[in-house]
Amino acid sequence: MALTTNKSVLEWIDDKVKLVKPDNIVWIDGSKEQIEELRAIACSTGELTKLNEELLPDCYLHRTAVNDVARVEHRTFICTKTKEEAGPTNNWMDPDECYKMLYDIARDSYIGRTMYVIPYSMGPIGSRFSKVGIELTDSIYVVLNMVIMTRVGKAVLDVLGDSEDWVRGFHSRCQIDEEKRYICQFPQDNTIISVNSGYGGNVLLGKKCFALRIASYQGWKEGWQAEHMLILGVQNPKGEVRYICAAFPSACGKTNLAMLIPPEGYLAQGYKVWCVGDDISWIRKGDDGRLYAINPENGFFGVAPGTNVKSNPNALASTKQGTIFTNVALNLDNNTVWWEGLDKNPPENALEWKGNPWNGKESTDKGAHPNSRFTAPAVNCPCLSSEFENPQGVPISAIVFGGRRAKLAPLVYQSRDWNNGVFVGSIMASETTAAATGAVGVVRRDPMAMLPFCGYNMADYWQHWLDIGKTLDADKAPKIFNVNWFRKDDEGNFLWPGFGDNLRVLNWILDRCEGKVDAQETAIGYVPFAKDIDLSGIEDEVSLETLESILTVDNALWADEVSGIEELYAKFGDKMPADLLKEFQTLKDNLQK
Ligand code: GTP
Ligand code: SPV
Ligand code: MN
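In the working numbering, the protein residues as written are 595 to 1187.
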C-alpha cells in the first residue's frame, strides 16, 4: 500500500515500475517489525549473516561483490544541460542521452525482484535545513543501511505533503556489471540514478549522491552550503562548547576527529568532545548572522580498518549494536567480526572479506578490505552531541581543511581572512585512499575535499563560498584553518601522534578564534609558535624540535606546489573567481620574498 497520495511521487514510481517490472512493491515505513522481516529475508538468501547476538546484538555482516568495494569516480557523472555547468573536474553526460542509456541498462531489471520504496529525510524531519528524498531499490542491504543512515518512514511523507520538492533516487543492482556501472546525478531534475553497484557510497543515495552532489547544487541556488565536513563540539573546563566543521578527503580522519577522546590531562581538566556529524554538513546563516551547521545523516558509514579501543573507542562502541559490517573478516569461533588494526590478535579460524577460509595468524592476505565499513546508528555513539537533533544546527566558530601530506603542509595554519581561507580550501591536495577505486597514495588536488562530490562547476562553487563570505560580518564569520595530521619522516613514520592528541591543535584553533594566542605570519598564513601547542604528557613522543619541524613552512617546497595549483586553476579558464586569482598572486609574491 502506498504511504502517500502525493501525485508527483506516485507518478514517478509508476514510471519506474513500468520500466523495471518488479514482482512486487514494498513501502518502507521504518517500523521494527518490517526491519526484522527484511533482516530475516536477507539472512535466508545469504545477503546478510547474523552475528553473535550476545556480543553484537542486532548486528550483521554483508559482503559486496569483489569488483564492487568502493566509490567509482570515473563512472560518476554530473548530468547538467551543458558541460560547462558540470565543470572541468566532473564527468559529464548530456541528460537526455544519459537517461536513455540508464533506462536501457535498467529495463526489466527488477523482474523476479521486489521494489523497495524508501521515503527518507536528510536532517531532522521538518527542520528548515532538511530535505526529503525517495529511493527505489532492489536491495534489502540498501534498505537496512538507509534505515540506519537517514530518517525513514511515513512521517517523512507526511511532512512532504503534496510538494514536488523531493529528490528522486533510483537504484538497481542489475548484474553488478562493472562495465555498466554508473552513478549519475541530474541536479537540475533533483534526480539520481545508480546502476550495477551494491557498494555504500554508490547506492545509499541519501549520502554522497544527494547530501553532497545534489545538495551542493541546491545550496548554490538557495544560498546555503553542503560540505564534506564533520561537525564537532569542544567543551572546555568552564563548560563552554565551541563548534568546528572540518573537511578532509575520504579516509583522511573525519570520523576519528569527530569522535575524539581528549588526552588524559585534558580529561582531568574537564575537556570533552561532542560529535554532531562525521561526514557531511549542511550550513546556513542563522538569524544572529553566524553560520550554523547540521549533520543531515542519522548514522555513521565509517572506515573499519584502524578503528580500535585506542584510536577511536567511541566509533568502536557505536558498532556494538544494530550495526551492519561490510567486507570485514568473520571470526568463525565466536561469530564476530575482525579487521586490520582492531587488535593484535587476528582470528585463526575465520573467513576473509571475500568469504574464503582465512587464518589471520598465518596469512599475509588482508582479512578485511581496506575500505571495509561499518554502518552504525548515531544514537549508539557515547559522545553524540545533545545538539544532534537540533533543527537549528550548531553555530560554527572555525572551519578546518586538511589532507594527507607526508611532506609540505604544516601541522596547522590559519588563513588571513575569509577569502584567503577559501583559497586555502581550493588548493587542498591529499594522497588518495582506498575509499575510491584507483591508485592509493598519489597526491591529487581535492579542493575542499569536494572533488568527487561537487554537483556543479567547481569555479561557481568557489564563487559561492566567496559570496557567502561577503554576507558575513568579520566578527561573525568562522575563522578558516588547514591541518595535516599525516606528516612523515624519511623512514615513513608519522611525526604527529594524531587521534586524541589532535585536540591540542583544535585548542590552538579555538584560542585563535578568540584572539587568545599569538601566531607567526608566513607565506601561506599564520602558523603557531611551537610553545603554544601544548605537548604536556607527550613530550616523550614528540620533541619540541619535531613539533618545530612540522610547523615549518618551507618556501622552496611550496614554490613547487605553485605549478600544481596553476594547473588546476587553468582548467577553469575565464570562470576562475578573481578573488582566488588575487590570493594566488599574493601567495606567489610571498614565496618570492
Ligand atoms: P570517509 O568515511 O571515507 O569520509 O573517511 P574519514 O575522513 O571519516 O576517515 P576516518 O576517520 O575513517 O580515518 C581513515 C583512516 O585514517 C583510518 O585508518 C584512521 O586510522 C586514519 N586516521 C584518522 N585520524 C588519524 C590521525 O590523526 N593520524 C593518523 N596517522 N591516522 C589517522
Ligand atoms: C567517502 O568515501 O567519503 C565516504 C564513504 O564517506 S562513501 O559513502 O562510500 O562515499
Ligand atoms: Mn566521506
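Positions of the beta carbon are idealized from the N, C-alpha and C atoms, including for glycine.
What residue from the options has the CA that sits closest to residue i's CA?
i       : options                           : result
Ile990  : Lys1165, Leu1185, Gly717, Glu981  : Glu981
Asp1128 : Ile877, Glu1142, Leu642, Asp1067  : Glu1142
Val666  : Leu696, Asn790, Glu758, Asp617    : Asn790
Asp542  : Val611, Met743, Glu679            : The first residue shown for the chain is 595 and the last is 1187, placing residue 542 beyond what the model contains.
Ile993  : His822, Pro1122, Met1052, Lys1082 : His822
Leu1162 : Met1022, Lys1182, Ser1130         : Met1022
Ser912  : Gln1008, Val931, Ala970           : Ala970
His668  : Thr683, Lys677, Lys848            : Thr683
His765  : Thr731, Val736, Asn796            : Thr731
Ala664  : Asp1134, Gly896, Phe1178          : Gly896
Ser979  : Ile787, Gly871, Trp606, Lys601    : Gly871
Gly987  : Arg722, Val922, Ile607            : Arg722
Leu806  : Gly997, Gly706, Ala820, Ser1130   : Ala820
Cys803  : Gly624, Gly1035, Thr670           : Thr670
Tyr776  : Asn796, Val761, Gln782            : Asn796
Ala636  : Lys1182, Val736, Gly681, Ile622   : Val736
Ala1033 : Phe995, Pro964, Pro718            : Pro964
Cys673  : Asp662, Leu655, Lys694            : Lys694
Val660  : Glu956, Glu772, Ile1118, Arg999   : Glu772
Tell me whether residue i counts as near ligand 1, meaning its Cβ is closer than 7 Å to at least one heavy atom of that ligand.
i       : result
Ala1003 : no
Asn850  : yes
Phe1093 : yes
Asn1087 : no
Pro1046 : no
Phe1080 : yes
Asn1096 : yes
Gly900  : yes
Gly847  : yes
How long is the line joining the alpha carbons of residue i and residue j, rounded to whole angstroms?
i       : j       : result
Ser810  : Gly961  : 36 Å
Phe919  : Cys768  : 23 Å
Thr958  : Gly949  : 16 Å
Pro1171 : Phe1017 : 10 Å
Arg878  : Arg657  : 38 Å
Gly817  : Ile1062 : 8 Å
Phe1166 : Thr785  : 26 Å
Gly800  : Gln915  : 22 Å
Ser1020 : Asn1076 : 11 Å
Glu581  : Asn1051 : The chain is shown from 595 up to 1187; residue 581 falls before or after that span and cannot be answered.
Thr744  : Asn892  : 5 Å
Asp756  : Tyr860  : 51 Å
Phe1123 : Cys1107 : 16 Å
Ile808  : Ala1068 : 30 Å
Gly813  : Ala841  : 17 Å
Gly1202 : Thr1065 : The structure shown does not extend to residue 1202, since the chain is modelled only from 595 through 1187, so no value can be given for it.
Trp1059 : Asn889  : 19 Å
Glu1115 : Trp1102 : 15 Å
Gly1109 : Lys1073 : 11 Å
Trp947  : Met709  : 28 Å
Gln782  : Glu1160 : 30 Å
Glu647  : Cys653  : 8 Å
Let me check you understand the geometry: is the CB of residue i closer than 7 Å to at least one non-hydrogen atom of ligand 2?
i       : result
Ser844  : yes
Phe895  : yes
Ala1029 : yes
Lys801  : yes
Gly935  : no
Arg745  : no
Arg665  : yes
Gly954  : no
For a cutoff of 8 Å on Cβ pairs, would you count residue i as touching chain D?
i      : result
Leu754 : The chain inventory of the structure shown lacks chain D, comprising one protein chain alone.
So is the beta-carbon of residue i under 7 Å away from any non-hydrogen atom of ligand 3?
i       : result
Asp959  : no
Asp1148 : no
Asp873  : yes
Task: beta strand (DSSP E) segments (min. 3 residues) lying fully within the stretch 652–703 - done: The stretch 652–703 contains these whole beta strand (DSSP E) runs: 654–656, 670–672.
Open item on the list: So, does the stretch 903–910 touch the stretch 845–855, judging by three or more C-beta pairs under 8 Å?
Closed with: yes
Open item on the list: Would the stretch 1041–1049 count as touching the stretch 1139–1156 if we require 3 or more Cβ pairs under 8 Å?
Closed with: no
Task: Inside the stretch 1014–1092 only - alpha helix (DSSP H) runs reaching at least 4 residues - done: 1052–1064
TODO: Could you say if the stretch 858–865 and the stretch 821–831 meet the contact criterion of at least three C-beta pairs nearer than 8 Å?
DONE: yes
Open item on the list: Does the stretch 631–639 come into contact with the stretch 713–724, if we say contact requires no fewer than three beta-carbon pairs (one atom in each stretch) closer than 8 Å?
Closed with: no
- [ ] Return the chain-ordered ranges of every alpha helix (DSSP H) run that is complete within the stretch 715–777 and spans a minimum of 4 residues.
- [x] Fully enclosed alpha helix (DSSP H) runs of no fewer than 4 residues occupy 734–743, 748–754 of the stretch 715–777, in order along the chain.
- [ ] For the stretch 886–971, list the alpha helix (DSSP H) runs that are entirely contained and at least 4 residues long, ordered along the chain.
- [x] 907–912
Open item on the list: Does the stretch 929–939 come into contact with the stretch 993–1010, if we say contact requires no fewer than three beta-carbon pairs (one atom in each stretch) closer than 8 Å?
Closed with: Verdict: no, contact absent.
Open item on the list: When you compare the stretch 1134–1148 with the stretch 1083–1094, are there three or more beta-carbon pairs, one atom per stretch, that lie closer than 8 Å?
Closed with: yes
- [ ] Tell me the start and end of each unbroken alpha helix (DSSP H) in the stretch 607–649 that is at least 4 residues and wholly inside, in chain order.
- [x] Fully enclosed alpha helix (DSSP H) runs of 4 or longer: 626–639.
Open item on the list: Check whether the stretch 639–654 and the stretch 1009–1016 touch, using three or more Cβ-Cβ pairs below 8 Å as the test.
Closed with: no
Open item on the list: Going residue by residue through the stretch 809–834, where are the continuous alpha helix (DSSP H) segments of at least 4 residues, counting only ones entirely within it?
Closed with: Complete alpha helix (DSSP H) runs here, min 4: 809–816.
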